[in-house]
Structure formats: structure tokens, C-alpha cells
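Colleague: Structure below; questions to follow.
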Amino acid sequence: MITIIEHTINMKRLNNSKNLYLLFIPLIIILIGSFFIMFQTKFISVIYSKHLFKQVLWVILGFFIIYIISKIKFRSILNYSFYLYILTIIFLILVLFLGKEVNGAKAWFNLGFFNLQPSEIAKIGILLYLVKINDDFTQKKLTEISYLFKSLLVVLIPSFLVFLEPDTGAIIMYFALLLGVLLFSGIKKRWFIIGFMFLSIAIVSFIYLYFEKLDFLIDLVGTGLIYRIERILSFKNGNSMQLNNALITIGNAGLLGHGILKDILYVPEFPTDFAFTLGVSIWGFLGTIIILFSYFLINLFFIKKLFKVRNKTSKTFISAFLVMFIWQQIENIGMNLGLLPIMGIPLPFLSYGGSNLITYFIFLGIIFILN
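Take any residue in the sequence shown, note its place counting from 1, add 312, and you have its number in my numbering.
Structure follows, in C-alpha cells:
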């Protein structure tokens, strides 16, 4: 497999053991996820019959994307970041009018062969433009106040559009990217304290209104937001069939799991949001250790890459990516275990889904060319 990868990507830029290692670990996770897809097709539901074929095509496309990116300088990508960001906003607007509705959310373009989710691809345009703004701030082209205002606006605009879909999980990912950029921006610590205080006040105020003044809150924000909050809180009140089945499945898996020949309890969104639950069911505790250790290795490589690169702009990009990437793992596994709200956030590389997988291949390609 490594030989195939070596002949697929630009060897002058990527031919070293560490970069190949970075490709190898996600590929292992993807293969594990593909095995889960095969299991779902054969033993759970025929509705997953085309998933494996599509996943393979997305992986091939992903390596082709890495090859293309390896021929481009990161500075050239940053110079076009504003236009990529504007394109992102256009897609997020268009999907509200032309998008396909799935599970109550109008968040996908139906392209026939697969559904494209702009809110996933938007992560790339948002992060690149945030890094470009940070670069301008570093070069003293922006004051601290204007830098913070512009960065916040860059995240708020797509967040508002995604809120209308609705997709709460994506909004959290966007703000995770912003936090990652700010960590290496060099801004004064007081801004983090002020931001934390405002966030705390907003959360406490909302909790108070939700439990004590619900009628007033409904008049203020409408029933749509309240319904969304109640769906998120369903993981705590036991009203989620999806989570209840997931917890039963995980609890009965044992040390070695159920294997592939035994029927298991059906969990909605098994291939995407609850792929981790399916893995625990099939492989049990020992298999879970393999999955978690794989993510530990890839996270460790990104952290080492963060402290190894010399360019501050590169550090900023990797920092923001890491915050989002690690939070996505924590949120997905946490919601599978009933520890965190269910927000429709897939597990990177393991979950089925073309938009999410291609997005992370693009991120990998960019990280390869950083120095």
C-alpha cells in the first residue's frame, strides 16, 4: 500500500518516512471504517449497499487531491484565501434554497452520485482566510481590535448561514478553528478572559431562561431553536432511541465484541455519527483500543509537526486544525458514550461520508507542504 501511495503523490515534497507515516495512519483508520461498511451492508441493512464503493472512490479522489496540493506553495493558497472564503459563503447561501433536506436539515447538494455538504467543505475556506488575516496582523497591517473584529466576523457569517440549515455541530467546528488561530496570534491574554466571561454569561443566561422563563425565551428566539436545544439535551433525559440503542450495544459488546456473524441492535446513523459504536459492537473493548490508539498516533504526529515547523503562519494553520480535529474526536466518541450531546459530528476518517473525508484529505495535503 505504501508503494502505491509513493507513486501517487509528489515524491520530492512528500517522500520521507514521517509524511508517509501520516498517510499510513489515516489509511488504516479508513480501512477499519470500510470494514464496518462491509459489515453494515451484509448484516444490518441493504440501504448501505453502495457505501463501500463510494468510500473507495472518495479515498482515490483524496489521494489525487493531495497530489495536486503538493505542487502548490502554501503562500499561493493563502493569497487566494479571500476568494475561497467568498466561494464558501456563496455555497452556504445556495444550499438554503437549492439544497436537499435530510432529517430536517437543508444542508446538502444532491449531485446524483453523492450529496455534497458545503458546511464541511467550508472549514477549509474559513481556516485559510483566518490564517491570512492572522498573517496580516503579524505583519502589523491590522490593529489588535480590527484583527479580532475581522476574525470574529469571518466565523459569524458562515455560522449564521449554517444555523439556518440547521447544523449546530458545524458552528462549533468553526469556532474551534477560530480558537486555534487565536492561540498563536500573539494577542493579549485579556481578550481570552473577556471572551470566556462573555461566553459564560451567555450560557448561564440561556440556561436560566430555558428552565425558568421558557415562554419568554420562545418569544425571543422562536420555537426552532428551542426544539434544537431539546434534541441536544435528549442525551441526558433518556429520550433518544439512537443513544439508548448505542449504549445497549456498547454495554453488551464485552472484551471481544459480538463479531460479524451475530445480529446487533440497530442504531440510526450507524455508518456516520455512530461508527464508533459499531466498531465497539463488532470488536469489543480490544478493538476499541486499536481505534483509540490509531487516533492517538495521528494526533501525536500533528502535535510534533506543530512544534517542528519554523514558519509562524504554518504553526497557526496546524494549531487551528488540531483544535478542530481533536475536538471532533472528543465530541463524536463522547456522544457515542452518552457523555456529550448528539450533534451530528462524524469521527474523522472512520465515519462514512464523502464531504467530511475529502475535507480532511485537503487538510492533510496542505499540512504536507507546510514548513
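The C-beta atom is built at its ideal place from N, Cα and C for all residues, glycine as well.
Note that the structure is a prediction, hence the values are computed from the model and not measured.
Find the nearest neighbour of Ala632 within the set Ser382, Leu476, Glu456, Ser497, judged by alpha-carbon distance.
Modeller: Taking the first residue of the sequence shown as position 1, residue 632 is located at position 320. For the residues Ser382, Leu476, Glu456, Ser497, the minimum Cα distance to Ala632 belongs to Ser497.
Colleague: So, does the stretch 622-641 touch the stretch 489-508, judging by three or more C-beta pairs under 8 Å?
Modeller: Counting Cβ pairs under 8 Å, three or more are found: they touch.
Colleague: Applying the criterion that 16 or more other CB atoms from any shown protein chain within 10 Å of the CB defines a buried residue, is Gly566 buried or exposed?
Modeller: The residue labelled residue 566 in the question sits at position 254 within the sequence shown. Flag for Gly566 reads exposed.
Colleague: Please report the Cβ distance between Gly437 and Thr400, rounded to the nearest whole angstrom; I am assuming they are in contact, meaning their Cβ atoms lie under 8 Å.
Modeller: Walking along the sequence shown from the start, residue 437 turns up at place 125. Walking along the sequence shown from the start, residue 400 turns up at place 88. Right, their Cβ atoms sit about 4 Å apart.
Colleague: Hey, would you say Asp585 sits closer than 8 Å to Pro658, going by beta carbons?
Modeller: Looking up residue 585 in the sequence shown gives position 273. Looking up residue 658 in the sequence shown gives position 346. It is a contact, given that the beta carbons lie within the stated cut-off.
Colleague: Hey, out of Leu649, Phe504, Val474, whose CA is closest to Ile560's CA?
Modeller: The residue you call residue 560 lines up with position 248 of the sequence shown. With distances taken between Cα atoms, Ile560 lies closest to Leu649.
Colleague: Quick one, which of Asn683, Ser626, Gln640 has its alpha-carbon nearest Leu442's?
Modeller: Here residue 442 refers to the residue found at position 130 of the sequence shown. That would be Ser626, whose Cα lies nearest to the Cα of Leu442.
Colleague: Go ahead and pull the three-state DSSP assignment for Glu432.
Modeller: The sequence position of residue 432 within the sequence shown is 120, counting from 1. Three-state DSSP puts Glu432 in a helix.
Colleague: So if DSSP puts Trp420 in a beta bridge, which residue, or which two residues, is it bridged to?
Modeller: Translated into the one-based positions of the sequence shown, residue 420 becomes position 108. Partner(s): Lys412.
Colleague: CB Val474 to CB Leu404, shorter than 8 Å?
Modeller: The residue labelled residue 474 in the question sits at position 162 within the sequence shown. The residue labelled residue 404 in the question sits at position 92 within the sequence shown. In this structure, Leu404 lies closer than 8 Å to Val474 by Cβ.
Colleague: Report the start-end ranges of each alpha helix (DSSP H) in the stretch 586-646 that is 4 residues or longer and not cut off at the edges.
Modeller: Here the runs fully enclosed are 587-620.
Colleague: If you draw a straight line from the alpha carbon of Tyr379 to that of Gln554, how long is it in whole angstroms?
Modeller: Along the sequence shown, one-based indexing puts residue 379 at 67. Along the sequence shown, one-based indexing puts residue 554 at 242. Near 39 Å, if we compare the C-alpha coordinates of Gln554 and Tyr379.
Colleague: List the residues that DSSP assigns as beta-bridge partners of Asn427.
Modeller: As a first step, residue 427 must be located in the sequence shown, where it is residue number 115. Beta-bridge pairing links Asn427 to Asn422.
Colleague: Report the option in Asn623, Leu609, Asn644, Ala587 whose CA atom is closest to the CA atom of Ile344.
Modeller: Translated into the one-based positions of the sequence shown, residue 344 becomes position 32. For Ile344, the nearest C-alpha among the options comes from Ala587.
Colleague: Given this structure, state the Cα-to-Cα distance separating Ile321 from Arg387, to the nearest angstrom.
Modeller: Looking up residue 321 in the sequence shown gives position 9. Looking up residue 387 in the sequence shown gives position 75. Because Ile321 sits at a pLDDT of 44, beneath the cut-off of 50, its placement in the model cannot be relied upon, and the following sentence gives the value as read from the coordinates. Ile321 and Arg387: Cα-Cα distance of roughly 20 Å.
Colleague: Kindly give me the distance between the Cβ atoms of Gly591 and Phe348, rounded to whole angstroms, as I take these residues to be in contact under 8 Å.
Modeller: Working through the sequence shown from its first residue, we reach residue 591 at position 279. Working through the sequence shown from its first residue, we reach residue 348 at position 36. Yes, they are in contact, since the Cβ atoms of Gly591 and Phe348 sit about 6 Å apart, within 8 Å.
Colleague: Since Lys435 contacts Thr671 with CB under 8 Å, what's their CB separation in whole angstroms?
Modeller: Against the sequence shown, residue 435 aligns to sequence position 123. Against the sequence shown, residue 671 aligns to sequence position 359. Sure, about 6 Å apart at Cβ, within 8 Å.
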